[in-house]
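Input: a single structure, listed below in structure tokens.
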Amino acid sequence: MTQNSASKLLNGDTLHRAKQDKKAGGNGFVKNHCLFQQQQKRYRRPAEKSHHASLYKKPFVESFEETPLLVAVLTYMGYGILTIFGYLRDFLRDWKFEKCHLAREREEQKDFVPLYQDFENFYTRNLYMRIRDNWNRPIRSVPGAKMDLVERATPDYNWTFEHTGKVLKDVINMGSYNYLGFAENTGTCADAASECTVKYGMGVCSTRQELGNLDKHEELEKLTARFLGVESSMVFGMGFATNSMNIPALMGKGCLILSDELNHASLVLGARLSGATIRVYKHNNMQSLEKLLRDALIHGQPRTHRPWKKILILVEGIYSMEGSIVRLPEIIALKKKYKAYLYLDEAHSIGALGPRGRGVVDYFGLDPCDVDIMMGTFTKSFGAAGGYIGGKKELVDYLRLHSHSAVYATSMSPPITQQIITSMKCIMGEDGTTLGQERLRQLSENTTYFRKRLHEMGFIIYGNNDSPVVPLMLYMPAKIGAFGREMLKRNIGTVVVGFPATPIIESRARFCVSAAHTREMLDTALNAISEVGDLLQLKYSRKNRHGSEGTDCFSFLESHQD
Ligand SMILES: Cc1ncc(COP(=O)(O)O)c(C=O)c1O
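Numbered per the UniProt record's numbering, the sequence shown spans residues 1 to 562.
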């Protein structure tokens with residue numbers, strides 16, 4: 001549950017779904033993922049089925065178990081009660097019986113159309129504030145497999161926090177995107193970064209085009225291009241800006257963007273800033289995407305019916321709230337069939353997927369040249385900061401001149417650049433060791449183990465079997481706060497997420513598995529999750545817990561094999 005404007009954008013994006021989705025619930029969100037997956041199955045006629053099957057070289061297993069009806073009803077009731085109390089509290093605040101700490105209209109502006117008062121503000125004031133202690137917890141160490149948290153206390157029911165002076169030591173970190181465990185303050189990456197700081201300093205104080213073009217940046221770009229298997233690449237100081245500033249450099253008026261409904265806020269912002277027309281398709285649903293592509297070709301632009309100047313499909317490798325993996329083989333087939341371009345954001349999948357850690361393209365064994373624009377960030381698997389764009393040389397050369405984040409932003413800090421170079425070389429085995437391969441294998445093993453155990457315990461977990469992002473469904477608003485707090489009591493740091501980052505009834509805990517987690521750490525975390533699951537009655541799954549991936553009507557298993 002993030003309260004910033006970025007998540008509002010995400011929410012703005014998710015609201016698009018209501019328009020397109022015939023089955024949207026009362027709140028406008030798709031609740032029954034199982035249903036939409038079944039639709040997708042129905043869509044495959046036998047001839048197509050064999051065609052699609054040949055696109056996948058290994059089983060593709062994703063599960064989105066349907067929300068049990070009683071749980072859905074109780075969740076809505078929970079929000080209903082909170083809303084009634086919220087209005088009551090607002091009434092008391094209006095009459096000055098209670099102090100309001102949040103941004104409100106000033107007295108002299110009371111005749112204006114309200115600037116702040118929208119649903120999200122009501123939600124923040126009356127719902128989020130009750131459980132705000134679960135977010136923005138200060139960390140006092142490297143965000144590795146274990147971390148130290150600063151203890152806080154609130155004198156006024158979460159409106160403000162004070163540090164108690166105590167530190168919670170060695171909390172098992174199940175929330176950072178430290179997939180390969182490179183978020184470290186010792187070892188070769190940390191040593192190389194500190195040496196680099198001694199030589200180059202921390203900041204660059206200029207843009208790439210002026211005096212901010214270091215030899216280190218060029219070295220990293222060459223290495224990234226080799227890592228991705230593309231002709232050329234460019235790196236940027238910030239992952240978010242890589243999306244939000246490069247999409248507008250490529251797309252504009254008269255262009256069409258086809259965007260997955262669960263795309264990250266940075267992609268949504270980039271698409272909106274570009275001025276192109278945006279159409280949103282159902283998450284990872286090829287039927288929905290193909291319909292939009294076909295319509296785009298048949299009807300062209302609205303009113304004039306001129307052909308679209310260009311069509312760009314925007315997707316992510318791993319979707320960070322759902323733990324799902326993009327159906328890349330089918331998307332590539334569609335983009336070729338309809339002659340559209342493809343922009344792939346690998347923020348979560350680069351380093352975390354594929355036998356060589358080279359992302360979703362590697363995972364499916366595809367040709368990187370089939371993706372027109374490869375984007376990714378260094379903030380997750382590389383334990384650093386920044387983002388990249390990879391692709392054909394012409395594309396990258398064009399962006400060097402036209403992207404706002406290339407021309408106007410200060411370039412990447414030297415120790416960050418070095419951290420990425422060292423960790424990438426380690427993944428590629430170019431450091432002369434097998435440590436990178438071992439981390440990849442460990443991440444994959446940990447992911448399988450963690451997902452399997454949670455499934456056996458009876459939790460509803462979303463996503464792909466191979467995804468290290470593991471969402472565990474909590475649903476009810478009271479359980480969001482309770483889960484985070486109970487886990488912390490057991491010395492486990494978790495991330496809990498709710499509206500507006502998820503549909504309102506699909507609150508969840510989102511675990512990120514890391515190669516740095518030992519089996520003992522995972523077992524400690526799993527035991528705590530199970531205990532809290534019993535305490536809060538979170539074991540909602542009605543799937544066969546010990547059988548193979550769901551064969552009942554609540555699961556979705558699609559196995560494509562040559
Ligand atoms: C899919 C996706 N793209 C882009 C970003 C932005 O990257 P950064 O946090 O490195 O700025 C994120 C951040 O989590 C993301 O999940």
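C-beta atoms are modelled at their ideal positions from N, C-alpha and C, and glycine is treated no differently. Keep in mind it's a predicted model, so treat the numbers as computed, not measured.
heavy atom of ligand 1 below 8 Å from residue 387 C-beta: yes
9 Å Cβ cutoff met for residue 498 and residue 149: No, these two residues do not count as a Cβ contact at 9 Å.
Assigned exposure category for residue 147 - 16 Cβ within 10 Å defines buried: buried
Three-state secondary structure (DSSP) of residue 582: In the structure as shown, the chain begins at 1 and stops at 562. Residue 582 is therefore absent and cannot be evaluated.
Straight-line gap, residue 558 to residue 539 (C-alpha atoms, nearest Å): Here the model assigns residue 558 a pLDDT of 40, short of 50, so the residue's position is not dependable, and the following value carries that caveat. One C-alpha to the other measures close to 24 Å.
Cβ separation of residue 232 and residue 225, assumed to be a contact under 8 Å, to the nearest whole Å: 5 Å
Validate contact between the stretch 176-195 and the stretch 152-161 using beta carbons, cut 8 Å, 3 pairs: The answer is no - the stretch 152-161 does not touch the stretch 176-195, with fewer than three Cβ pairs under 8 Å.
Any non-hydrogen atom of ligand 1 within 8 Å of residue 316 CB: yes
Residue 405 burial status per 10 Å Cβ neighbour count (16 or more: buried): buried
Buried versus exposed, by CB contacts within 10 Å (16 or more), residue 54: exposed
Segments of 4+ residues assigned as alpha helix (DSSP H) that fall wholly inside the stretch 418-478: 435-457
Cβ distance (whole Å) where residue 83 is taken to contact residue 475 below 8 Å: With a Cβ gap of about 16 Å, residue 83 and residue 475 do not count as contacting.
Length at least 3, wholly inside the stretch 59-108: the beta strand (DSSP E) runs in chain order: none
Three or more C-beta pairs below 8 Å linking the stretch 188-198 and the stretch 413-421: yes
Three CB pairs or more closer than 8 Å across the stretch 234-252 and the stretch 390-402: yes
C-beta atoms of residue 330 and residue 375 nearer than 9 Å: no
Residue 361 - DSSP class collapsed to helix/strand/coil: helix
Cα-Cα separation, residue 390 to residue 523: 39 Å
Selection from 454, 481, 463 that minimises the alpha carbon distance to residue 528: 454
Ligand 1 heavy atom lying under 8 Å from the CB of residue 284: no
CA-to-CA distance, residue 483 to residue 106, given in whole angstroms: 37 Å
Helix, strand or coil at residue 299 [DSSP, three-state]: Secondary structure of residue 299 (DSSP, three-state): helix.
Sub-9 Å separation of residue 312 and residue 257 beta-carbons: yes
DSSP three-state assignment for residue 204, whether helix, strand or coil: coil
Ligand 1 heavy atom lying under 8 Å from the CB of residue 91: no
Runs of alpha helix (DSSP H) wholly within the stretch 251-326 (minimum 4 residues, chain order): 265-274, 286-299
Any non-hydrogen atom of ligand 2 within 8 Å of residue 122 CB: Questions concerning ligand 2 fall outside what the structure shown contains, since the ligands it does hold are ligand 1.
For residue 303 and residue 59, the rounded distance between their alpha carbons: Between the alpha carbons of residue 59 and residue 303 lies a gap of roughly 44 Å.
Straight-line gap, residue 544 to residue 426 (C-alpha atoms, nearest Å): Cα to Cα, the separation comes out at about 40 Å.
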